[in-house]
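I have placed the structure first, in the form of structure tokens, so that the comments after it can refer back to it.
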Amino acid sequence: MDPEWALYHLQRALYDPVDPKFLGSLADSLQYRINGEVYRFSSPRTLRRFAKTPQRWCGLLRDPVSGRRFRPTARSPEVFFVGGPYFFESDSTKRRFVDDPQTFQVIRRD
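Quick note: the sequence shown uses my numbering, first residue 8, plus one each step.
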């Protein structure tokens, strides 16, 4: 694992991605998963805002099929699978995921 990438994501994981002035809560009711990664929020308001357009707030993601990092946009291929949305860098990686999601599912423990 790239240490710079890990440190960047660790420090981001502590703060609400919508309102980074506040720390994200550890409460299960104030978390949201994208590509298996857990995002934490300081309030239900920021969680709802994030859930409406997660690609605006989530930053870099790792495509679960290719393993490459990318920044999702409103046009990124997407599928909802156990626990939240998964975004992909291309239609071909989305198709591979949909064909056998258990192979590529990312599960992060809290």
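Ideal placement from N, C-alpha and C gives every residue a C-beta, glycine not left out.
Fair warning: this is a prediction, and the values are worked out from it, not measured in the lab.
The continuous alpha helix (DSSP H) containing Arg103 extends over residues Asp98 to Asp106. If you draw a straight line from the Cα of Phe111 to the Cα of Pro71, it is about 6 Å long. In this structure, the beta-carbon distance from Ala58 to Tyr46 does not fall below 7 Å. Per DSSP, the continuous alpha helix (DSSP H) segment holding Phe57 begins and ends at Pro51 to Lys59. The Cβ-Cβ distance between Asp26 and Thr60 does not fall below 7 Å.
Residues Leu67 of the same chain have their beta carbon placed closer than 6 Å to that of Arg78, with the five preceding and five following residues left out of the count. Exclusion of the five residues before and after Ser83 leaves Gln62, Phe94 and Phe95 as the residues of its chain whose Cβ lies within less than 7 Å of its Cβ. Here Arg78 carries a coil assignment [DSSP, helix/strand/coil]. Straight across, the Cα-Cα distance linking Ser49 with Glu85 is about 26 Å.
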